[in-house]
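S.K.:
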Ligand SMILES: Cc1cc2nc3c(=O)[nH]c(=O)nc-3n(C[C@H](O)[C@H](O)[C@H](O)COP(=O)(O)O)c2cc1C
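In this note's numbering, the protein residues as written are 118 to 492.
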């Protein structure tokens with residue numbers, strides 16, 4: 118039996134479009150580098166999702182690229198052509214059969230795409246500004262019609278998600294990829310309708326939202342979720358500040374989205390600049406949004422008490438990433454009153470038991486400090 122102090126985490130949640138979640142815990146979107154060469158989902162990746170879709174109420178998939186020149190990771194699955202619909206359907210079905218809602222994260226990597234993953238090595242972005250990481254290629258500035266075409270691609274992948282049986286899409290506007298590149302004064306130096314002022318830097322993100330929503334209105338017969346993920350702040354100057362983030366949040370709140378999802382590594386991380394406030398970014402954002410749109414919080418939630426503490430801030434939904442890789446039974450353990458059995462460190466011998474595909478396992482093992490690992 119669930120320890121009553123965690124009961125709130127297991128209260129059902131209903132989105133304004135009527136879609137109901139069984140509890141408040143969501144699998145965070147996590148790239149697994151494990152799709153097939155042809156862009157279809159692989160057996161190992163589908164098995165990884167099946168292993169993690171039983172306790173959570175909703176699974177947000179790894180990102181899928183909407184345009185050929187938006188592929189950001191090797192082994193990223195494709196969502197940019199109709200030939201991929203059966204592959205997308207396989208993933209949606211596998212997740213839904215375990216009882217969770219399935220949401221496809223839709224993405225364009227922009228200047229973060231490795232040249233060898235995009236046609237002719239032609240890496241594109243809002244402006245010809247490379248990412249800060251050393252060795253990043255200088256992207257080519259997109260033309261006006263290319264921008265329109267990528268917006269259309271976000272809509273087309275949404276249509277494919279509907280046809281494949283997903284319950285929704287999440288627009289990946291976070292983590293420094295193309296949508297964020299348009300919003301950021303660091304990467305967007307345009308002087309046309311896509312850049313210049315903060316308002317104009319919002320044009321591309323909002324155009325993507327509008328296109329996706331238009332496609333949903335036209336094609337979805339059943340309620341279909343549209344969420345948006347964003348990162349508060351950028352470390353660079355110029356770069357997105359907390360003040361800019363709140364302007365983005367205000368704009369998104371007016372778009373009738375089903376949820377907003379904050380991307381941070383630590384739920385309790387505080388603003389660097391842009392506001393005089395000692396609370397965490399998530400708390401500030403949650404307060405700004407109020408009950409206008411449900412917010413998903415995330416970040417370094419490992420134990421049941423970590424989740425409870427985050428939930429007690431008033432945030433309605435929590436996404437869990439690394440911890441659900443480390444312990445796929447995390448939700449069930451809390452639900453069954455076995456929260457003391459939760460494992461919070463990855464054991465180097467457990468890859469098979471945890472159903473983690475090889476490329477993801479290698480990435481984790483080769484990136485010290487990313488995951489807590491048992492020594
Ligand atoms: C292996 C891995 C892959 C990730 N891939 C994505 C992704 O495709 N899209 C995304 O929005 N965030 C991605 N993230 C970020 C997570 O969704 C999450 O925000 C972050 O890991 C913090 O949450 P956690 O502490 O619960 O892991 C990834 C994180 C990990 C660990």
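Virtual Cβ for every residue (Gly too), placed ideally from N, Cα, C.
Here the structure is a predicted model, which is why all the values come from computation and not from measurement.
How long is the line joining the alpha carbons of residue 368 and residue 255, rounded to whole angstroms?
M.R.: Their Cα atoms are separated by approximately 30 Å.
S.K.: Between the Cα of residue 372 and the Cα atoms of 323, 166, 307 and 205, which residue gives the shortest distance?
M.R.: Comparing Cα positions, the closest option is 323.
S.K.: Does the Cβ of residue 175 have 16 or more other Cβ atoms within 10 Å, making it buried, or fewer, making it exposed?
M.R.: Burial call: buried.
S.K.: Are the CB atoms of residue 221 and residue 191 nearer to each other than 8 Å?
M.R.: No, they are not a contact pair.
S.K.: Is residue 130 helix, strand or coil by DSSP?
M.R.: Three-state DSSP puts residue 130 in a strand.
S.K.: For residue 298, does the count of other Cβ atoms within 10 angstroms reach 16, so buried, or fall short, so exposed?
M.R.: Its Cβ being crowded by 16 or more others within 10 Å, residue 298 is buried.
S.K.: Which same chain residues, not among the five before or five after residue 138, have their C-beta less than 7 Å away from its C-beta?
M.R.: Around residue 138: 129, 130, 174, 175 and 218.
S.K.: Within the segment 270-304, note down every full alpha helix (DSSP H) run reaching 4 residues or more, in order along the chain.
M.R.: For the segment 270-304, whole alpha helix (DSSP H) runs of length 4 or above, ordered along the chain, are 295-300.
S.K.: Counting C-beta neighbours from all protein chains within 10 Å, is the total for residue 487 16 or more, i.e. buried, or is it exposed?
M.R.: Burial call: exposed.
S.K.: Quick check on the burial criterion: 16 or more other C-beta atoms within 10 angstroms. Buried or exposed for residue 193?
M.R.: By the neighbour-count rule (16 or more Cβ atoms within 10 Å), residue 193 is buried.
S.K.: Mapping DSSP to helix, strand and coil, what is residue 175?
M.R.: Residue state, collapsed to three classes: strand.
S.K.: Mind checking which residues open and close the beta strand (DSSP E) that includes residue 428?
M.R.: Segment 421-428 is the alpha helix (DSSP H) holding residue 428; no beta strand (DSSP E) there.
S.K.: Let me know the secondary structure DSSP gives residue 137 once reduced to three states.
M.R.: In the structure shown, residue 137 sits in a strand (DSSP, three-state: E or B).
S.K.: Do you know how far the Cα of residue 142 is from the Cα of residue 132?
M.R.: Cα to Cα, the separation comes out at about 14 Å.
S.K.: Of the residues 296, 267 and 418, which one's Cα is nearest the Cα of residue 186?
M.R.: The shortest C-alpha separation from residue 186 is found at 267.
S.K.: In or out: residue 290 buried (at least 16 other Cβ within 10 Å) or exposed?
M.R.: The residue is buried, with at least 16 neighbouring Cβ atoms inside 10 Å.
S.K.: Shortest alpha-carbon distance to residue 172 belongs to which of 475, 452, 481 and 478?
M.R.: For residue 172, the nearest C-alpha among the options comes from 452.
S.K.: Quick one: is the Cβ of residue 230 within less than 7 Å of any heavy atom of ligand 1?
M.R.: Residue 230 Cβ: outside cutoff for every heavy atom of ligand 1.
S.K.: Taking the C-alpha atoms as reference points, what is the distance between residue 140 and residue 151?
M.R.: Spanning the two alpha carbons is a distance of roughly 29 Å.
S.K.: Taking DSSP as the reference, what is the three-state secondary structure of residue 222?
M.R.: Three-state result, residue 222: strand.
S.K.: Got a sec: does ligand 1 put a non-hydrogen atom nearer than 7 Å to the Cβ of residue 147?
M.R.: Checking the Cβ of residue 147 against ligand 1 gives yes.
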